[in-house]
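Residue numbers (the UniProt record's numbering), protein chains in the order written: chain S, 1 to 289; chain A, 1 to 390; chain U, 1 to 247; chain F, 1 to 334.
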């Protein structure tokens, strides 16, 4: 294990890249949960949908068209889901929600197969982000640096919006106590709708961003779901801090686990999750104490 | 115990009623959903094409009953039982995953139903677990990789780092390569097996490969993992300093377009390449492309040759389970892959292996055959087969 | 029987329990009075272990139980009722009492037999049902009985663990004055050796049952003595009645 | 706590008669499906006990079943232990594993409980998937069935095996009812209704949860050992979280907390799956849509819907009768 500093820098960047991708996914899921107490297991399917939209749009108008329009398209699906299902499920218990969204996973998996086929798709990294950049003494793929930067930018933007703006205050009030928020004259229903669609858009964005990195397959949503859930449960549901810390923990444990203890790599993260739940049954930074 | 089980289940060979002469019931057992659905469809397309092209050569007619394995061994076993006991098929063809093959092996063997394997490559199926009823028209994991070890060393590559998914096929492919590569005098400087179907980010492993001091990297990945791997390998800029070699599934025509330019220059070995220069291949590839709008992959040719083998077998007059099993073991024909024959010791197909480089074609990627390595039979690996008696 | 020494608890900047020391003798019936937010329920929660005090200790029958979890304290004889009904809604009155009695008799974790069929459990259920006047409703589901009867059951469930010390958080909360009176008669008829600590809002009613009175204000004990003394206390009237008027 | 009512008895009798009829008359494939239903029924009973009566919505019961199946397979094939002992061993080991999971997760509630059990299930899945002794992704074969020839039963005959599973299912059903009616079962329902109060009454809540989870795990383990003997081949897919998810779907679609409902659900699910997959490879889509529709209808599953429509009427009539009796008693007391 005679690795130089560059090797570890590279691995740290890999970990960060994975963390940021997971952050994009988990933040939407966790805020939807924190605000609406809604468990959306189909969040991973929205991510897959984002990747497929991006692949189709990229074929027509290049990468950036997919990058910008796929989240919009997924948000559109979010609108349909919200008005068709979610709105009516809001008052149901977590079990009913788990089941409906479990049904959605099934349905959306087969719908993507019907529309896009079983064959894996791929899209190319845009010319602008192709190649590598010298960074911290290592050569690192530009596109991966872009993902890291995008994740950090969205984190910063969300932190700002939540802490400093009117809508952020409304969301915080809603997470804290939605009945109270309603009393304060906040249109909770509209707030939920907006947050849900925004969460969907972020999932779509994550899919669009992941597509050039990975392959676009019907089961990619199922594959990413478990890591995303682990992230938000370790971090604690409903909080930005939880989502970002959970993502970082997952990214680093997974990456360095693969390097240092490859035999244990896949069990490690589950063991960590179990440990966290034993010590803090509601995760590290839950929105409510 | 096993025999007793099957006898009691009412599956003994004597129980199988010979079907009406020359009307042959074929169970097509393939994944039409799940992760390998694309392979199932590809194999079926090839299978149907062969029936169309060569069906007239035999007097037999075929009734196809397709069943979806969902890539789940228990489901597949249930479907195999249904085909054998309820539909009373004469022969089964298909099977993509080795897990599914392992699951149905005892069933078809005990029931005495011939099985033409159209993909699953685990070495045991034509080794320790071989059966006179199981004939493989696809490949074995070792067969595809073994010649590459010698060939790569001949090209002057001394040190190699290997990567593959952590499951039986991954180990068999890499082990076969490692054995021949080290026997030729090469050195494997590092080896890693990544969690199967759970690895999406290969970055951590690529950094290790880079740091290993190898001259080249040899890998086996397939499907979605192959796409991610090839693209990520390229994005780290490793292709220039550390050439990428591998088992040919890595750049299969089925996936290479999703990999894009990242796949250019990757050199791999496989039992079929769509650009093989022969009449048989031209006939096949043109018809397949016309019917499906894409060039055929190795999976398509496996389905094609499986049907072809069945047709050849019926030409001998075989029509029931036992006679078909015997006839299948003796088929020999000239196909898109070259001359195919069945190794009498193991029932595995004997075929040449092609080393090819993925290169940019006119508008899509294409394959440039670098070498045709001679057909070799696998070692017997503990296979013992009693002949099938009628 | 029940004693606290210098209990202290804060939630952030809010000091909810300040250096509370109480001592209840066996069979003593003490009522805790105090305005809303005086820290009465918080004190209860620390006594039974649902909250951990920042400092100080709780002693039950001479033993320091501060470190013990809720269930262990309960098994040592500390039982409580809640200000808001915390009953088992889908079950009958009998089953509600039976659940508590079974914990006391050790049948609650038994796999081989029905706890409610055990004579020991039945005996307690019948006795408690008589003590809190629940006999006429014994087979009715909680959802089928009136609010007042539910308050009786709330105390009954706590009683069915056969406690040494019974803590009652506003047992008459939400019931009319007529019924409250009856409720206090019921409490007065409980065995004399049962130690009781009762949070009560209504001062007049409190005097019906109290042997001693403790008054809390801003988490602090401001009065500790006999009811007669309390009745005359000017301090008490000021702090207590003032806020009682708005309640 | 669990109660039978006229409707539940009627449906049980119908189910038993149907299963028996199928077991005695069906052809080979019908018996396969029946056995699949019976084994799934055991799993969903196990799940209904914890989820329907203890509020512990587990997403690791599929994995528990897998643990039972693998334990049986490993013990009987690799360790050379006699099948009956291997079966007892697999039930015991799965029970212990479940007890530990139940104990660790007992502090988590709601979605956290679901996620925590999911984590444990995935942990088992990953381990089995990767450890070479379990045959990895390819799975494990060469499994043999229990030898009951000493009482003249040959379990290698599918009909006998189906009847054997039916008998075991009946025994498990009775055991489940007894568990739910025991002191432990009553305490469990107390915990589900109001955990804080049970704790305040002196109950060691985590022990109750762990014990029931362990018992439920034993049933899942038995289902697993039977699944291994039924298919004679096992693969890690058995432990995947989607199996747990499907079991949960069956419990909910059948009717959570009714015991009888999930049995109906198991039969419906397996038959539906087979019928649909024969027609289309997109059967997941149909199942998904049905699932959404049923949950959206806000009924407690198919059986629950039926029960609330018809069962209530019967129940009310019975309740009226007892109440009349009670009021008479009160009058005589006075």
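All C-beta atoms, glycine included, are put in the ideal place defined by N, C-alpha and C.
Out of 139(U), 162(U), 165(U), 209(U), point me to the one whose CA is closest to residue 172(U)'s CA. One-based indexing of the third chain puts residue 172(U) at position 172. Comparing Cα-Cα distances from residue 172(U) to each of 139(U), 162(U), 165(U), 209(U), the minimum goes to 209(U).
List the residues of chain S that residue 284(F) touches, going by C-beta distances under 7 Å, in chain order. Residue mapping note: residue 284(F) aligns to position 284 of the fourth chain, counting from 1. Here the neighbours are 106, 109, 110.
Kindly provide the ranges of any beta strand (DSSP E) runs that are 3 or more residues long and lie completely inside the segment 181-225 of chain A, ordered along the chain. 187-194, 216-219
Residues in the segment 112-125 of chain F with C-beta within 9 Å of chain A's C-beta atoms, listed in sequence order? none
Does residue 337(F) get closer than 8 Å to chain U when you measure Cβ to Cβ? Outside the shown range of chain F (1 to 334) lies residue 337(F), about which nothing can therefore be said.
Quick one: is residue 43(S) buried, meaning 16 or more other Cβ sit within 10 Å of its Cβ, or exposed? Here the question's residue 43(S) lines up with position 43 in the first chain. The residue in question, residue 43(S), is buried, as its Cβ has 16 or more Cβ neighbours within 10 Å.
Residue from 212(S), 136(S), 205(S), 177(S) whose Cα sits closest to the Cα of residue 259(A): For the purposes of this step, residue 259(A) is taken as the residue at position 259 of the second chain. Selected option, being the one with the closest Cα: 212(S).
Let me see if you follow: with CB-CB separation under 8 Å, is residue 152(F) close to chain S or not? The residue labelled residue 152(F) in the question sits at position 152 within the fourth chain. Residue 152(F) does not count as touching chain S.
Can you tell me whether residue 234(U) is helix, strand or coil according to DSSP? Within the third chain, residue 234(U) is the residue found at index 234, counting from 1. Helix.
Any chain S beta carbon closer than 8 Å to residue 97(A): Within the second chain, residue 97(A) is the residue found at index 97, counting from 1. It does not: the Cβ of residue 97(A) has no partner Cβ on chain S nearer than 8 Å.
Beta strand (DSSP E) segment containing residue 62(A), residue limits: What you label residue 62(A) is simply residue 62 of the second chain in a count that begins at 1. Taken as a continuous stretch (DSSP letters only), the beta strand (DSSP E) holding residue 62(A) covers 61-68.
What is the DSSP secondary structure of residue 164(U), reduced to helix, strand or coil? Indexing the third chain from 1 puts residue 164(U) at position 164. In the structure shown, residue 164(U) sits in coil (DSSP, three-state: anything other than H, G, I, E or B).
Using the C-alpha atoms, what's the distance from residue 98(A) back to residue 245(A)? Position 245 of the second chain, counted from the first residue, corresponds to residue 245(A). Position 98 of the second chain, counted from the first residue, corresponds to residue 98(A). Residue 245(A) and residue 98(A): Cα-Cα distance of roughly 24 Å.
Contact set between the segment 148-181 of chain F and chain U, restricted to residues whose Cβ is under 7 Å from the partner: 179, 181
Can you tell me which of 124(A), 44(A), 27(A), 60(A) puts its alpha carbon nearest to the alpha carbon of residue 391(A)? With chain A covering 1 to 390 only, the question about residue 391(A) has no answer from this structure.
Can residue 297(S) and residue 145(S) be called in contact, C-beta distance under 8 Å? Residue numbering for chain S in the displayed model covers 1 to 289; residue 297(S) lies beyond these limits and cannot be assessed.
When DSSP builds the beta bridges, which residues end up paired with residue 199(U)? Walking along the third chain from the start, residue 199(U) turns up at place 199. Partner(s): 32(U), 169(U).
For the segment 73-99 of chain F, enumerate the residues whose C-beta is nearer than 7 Å to any C-beta of chain A, in chain order. none
Inter-residue CB distance, residue 224(A) and residue 215(S) (contact presumed, cutoff 8 Å): The residue given as residue 224(A) occupies position 224 in the second chain. The residue given as residue 215(S) occupies position 215 in the first chain. Indeed they touch by this definition, with Cβ atoms about 4 Å apart.
Beta strand (DSSP E) containing residue 140(S): first to last residue? Your numbering for residue 140(S) matches position 140 in the first chain. Note, residue 140(S): beta strand (DSSP E), 138-141.
Just to confirm before moving on: does the CB-CB distance between residue 100(S) and residue 108(S) stay below 8 Å? The sequence position of residue 100(S) within the first chain is 100, counting from 1. The sequence position of residue 108(S) within the first chain is 108, counting from 1. It is not a contact, given that the beta carbons lie outside the stated cut-off.
How about the segment 205-214 of chain F and the segment 94-113 of chain F: do they share at least three Cβ pairs that are nearer than 8 Å? yes
Give the interface partners of residue 59(U) over in chain F, defined as CB-CB distance under 8 Å, in chain order. In the third chain, residue 59(U) corresponds to position 59, counting from 1. Residues of chain F passing the Cβ test: none, with the nearest at roughly 18 Å.
Any contact of the segment 72-85 of chain U with the segment 143-156 of chain U, i.e. 3+ C-beta pairs under 8 Å? yes
Would a check of beta-carbon distances place residue 231(S) closer than 8 Å to chain A? Here residue 231(S) refers to the residue found at position 231 of the first chain. So no, residue 231(S) is outside the interface.
Could you tell me the boundaries of the alpha helix (DSSP H) in which residue 356(A) lies? Locating residue 356(A) in the second chain gives position 356, where the first residue counts as 1. Residue 356(A) -> not in any alpha helix (DSSP H); beta strand (DSSP E) instead, spanning 353-360.
From the DSSP output, in three-state form, read off residue 21(F) for me. Here residue 21(F) is taken as the residue at index 21 of the fourth chain, counted from 1. DSSP places residue 21(F) in helix when its eight states are reduced to three.
Rounded to a whole number of angstroms, what is the C-alpha to C-alpha distance between residue 204(A) and residue 336(A)? Residue mapping note: residue 204(A) aligns to position 204 of the second chain, counting from 1. Residue mapping note: residue 336(A) aligns to position 336 of the second chain, counting from 1. Computed Cα separation, rounded: 40 Å.
Spell out a yes or no on whether the segment 185-201 of chain S and the segment 35-53 of chain S are touching, meaning 3 or more CB-CB pairs, one atom from each, closer than 8 Å. Yes, the segment 185-201 of chain S is in contact with the segment 35-53 of chain S.
What's the C-alpha gap between residue 112(S) and residue 6(F)? Residue numbering aside, residue 112(S) sits at position 112 when the first chain is read from its first letter. Residue numbering aside, residue 6(F) sits at position 6 when the fourth chain is read from its first letter. Near 46 Å, if we compare the C-alpha coordinates of residue 6(F) and residue 112(S).
DSSP-derived helix/strand/coil call for residue 139(A): As a working mapping, residue 139(A) is identified with position 139 in the second chain. Here residue 139(A) sits in coil by DSSP.
Segments assigned alpha helix (DSSP H), at least 4 residues, entirely inside the segment 61-100 of chain F: Complete alpha helix (DSSP H) runs here, min 4: 61-73.
Judging by CA-CA distance, which residue of 99(U), 220(U), 168(U) is the nearest neighbour of residue 6(U)? Against the third chain, residue 6(U) aligns to sequence position 6. Measuring from the Cα of residue 6(U), the nearest candidate turns out to be 220(U).
Going by DSSP, what residue range makes up the alpha helix (DSSP H) through residue 185(U)? Here residue 185(U) corresponds to residue number 185 of the third chain, with the count starting at 1. Counting along the chain, the alpha helix (DSSP H) containing residue 185(U) begins and ends at 177-188.
Expected contact under 8 Å - CB spacing of residue 218(A) and residue 162(A) to nearest Å: For the purposes of this step, residue 218(A) is taken as residue 218 along the second chain, with counting starting at 1. For the purposes of this step, residue 162(A) is taken as residue 162 along the second chain, with counting starting at 1. That pair is a contact at about 5 Å.
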